[in-house]
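What follows is a set of notes on a single structure, which appears directly below.
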Amino acid sequence: MARKGERRGRQPCCEKEGLKRGAWTAAEDKKLVAYITKHGHTNWRNLPKQAGLLRCGKSCRLRWINYLRPDVKRGNFTKEEEDTIISLHSELGNKWSKIASYLPGRTDNEIKNLWHTHIKKKIAQGEASSSSSSKQESYEIKPNQSIVLHENNSAEELSSSQMLWREELNEGVMDFMMMLEEDEGYYNGLVYLESEIDLWGQMN
DNA sequence: AAACGCAACAACCGCAATTTG
DNA sequence: GCAAATTGCGGTTGTTGCGTT
Numbered sequence: 019m020a021r022k023g024e025r026r027g028r029q030p031c032c033e034k035e036g037l038k039r040g041a042w043t044a045a046e047d048k049k050l051v052a053y054i055t056k057h058g059h060t061n062w063r064n065l066p067k068q069a070g071l072l073r074c075g076k077s078c079r080l081r082w083i084n085y086l087r088p089d090v091k092r093g094n095f096t097k098e099e100e101d102t103i104i105s106l107h108s109e110l111g112n113k114w115s116k117i118a119s120y121l122p123g124r125t126d127n128e129i130k131n132l133w134h135t136h137i138k139k140k141i142a143q144g145e146a147s148s149s150s151s152s153k154q155e156s157y158e159i160k161p162n163q164s165i166v167l168h169e170n171n172s173a174e175e176l177s178s179s180q181m182l183w184r185e186e187l188n189e190g191v192m193d194f195m196m197m198l199e200e201d202e203g204y205y206n207g208l209v210y211l212e213s214e215i216d217l218w219g220q221m222n
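For my numbering, add 18 to where a residue sits in the first sequence, where the first one is 1.
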């Protein structure tokens with residue numbers, strides 16, 4: 019907290035100078051995941067400094083919540099999810115985080131993007147409610163199954179998109195593990211991460 | 001093959017709400 | 001109770017990739 023007599027008024031969320039912006043690199047992602055896995059995120063403002071990242075806390079928080087969190091569901095929206103979004107939006111308006119809370123694994127940003135890129139257009143074209151007659155679009159229905167890091171699913175149980183998704187996840191975890199080998203504490207973090215992903219999978 | 005336009009989505013910004021001392 | 005710090009949300013912008021000409 020600022021002491022009396024220090025600069026008044028609202029400070030920017032981060033110093034603009036010397037901080038990196040734009041797309042996140044794999045190395046930055048790893049640092050962030052490793053740090054949060056080990057220490058959690060009690061203070062986003064201090065986190066980047068402690069994690070050795072040249073980013074502002076806001077940027078780290080956004081990256082974690084929208085992409086790096088183990089329970090984030092990547093991939094195309096199902097028809098059911100889409101219908102839920104349409105229904106909730108008519109009820110709640112642009113309360114994206116509220117809408118996201120009804121869709122486990124989906125983020126407000128993702129839903130907002132979907133709305134602006136697909137759903138809004140569909141509704142404008144009057145297609146939203148006539149799903150039976152409308153043709154499937156490029157983001158057509160995909161089986162809504164869990165992320166599985168373990169080798170307990172046979173290939174034929176997974177769609178090609180799921181296989182690709184799973185491969186990407188496993189690659190990421192392998193990279194992460196290589197980094198973790200140097201630090202036992204980080205390994206415990208990985209175990210935690212995996213159990214979280216597994217738990218999320220069981221819930222779905 | 002190059003140029004252009006558009007769609008998709010990742011990331012940033014500003015403000016509001018909440019928390020803290 | 002107040003001021004300042006911090007977090008979270010929603011709007012918007014920037015970048016990238018793909019399709020078309």
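Glycine is no exception: its CB is placed at the ideal position from the N, C-alpha and C atoms. Predicted, not measured: the structure shown is a model, and the values here were computed from it.
Classify D101 as helix, strand or coil using the three-state DSSP reduction.
D101 falls in the helix class under three-state DSSP.
Looking at R79 and E99, is the spacing between their C-beta atoms short of 8 Å?
no
Distance, Cα to Cα, A44 vs K38?
14 Å
Using C-beta distances below 7 Å, list every residue in its chain close to L106, excluding the 5 sequence neighbours before and after it, in chain order.
I117, Y120
Backbone CA spacing between S147 and N131 [nearest angstrom]:
Because the pLDDT at S147 is just 45, under 50, the model does not fix this residue reliably, and the value given afterwards should be weighed accordingly. So the two alpha carbons sit approximately 20 Å from each other.
Which residue from T55, R73, T60 puts its Cα closest to that of E46?
The residue from T55, R73, T60 with its alpha-carbon nearest to that of E46 is R73.
Report yes if the CB atom of L50 is closer than 8 Å to the CB atom of L71, and no otherwise.
Their beta carbons are under 8 Å apart, which means L50 touches L71 by this criterion.
Rounded to a whole number of angstroms, what is the C-alpha to C-alpha distance between I129 and K67?
I129 and K67: Cα-Cα distance of roughly 30 Å.
Continuous alpha helix (DSSP H) stretch holding P66: start and end:
65-69
Could you please give the first and the last residue of the uninterrupted alpha helix (DSSP H) stretch that includes N131?
126-132
Can you tell me whether DSSP reads G75 as helix, strand or coil?
helix
Sort N127, H134, I54 by Cα distance to S115 and report the nearest one.
N127
Buried or exposed: where does D52 fall if 16 or more other Cβ atoms within 10 Å of its Cβ makes it buried?
The sequence shown places Ala at residue 52, not Asp. The residue is buried, with at least 16 neighbouring Cβ atoms inside 10 Å.
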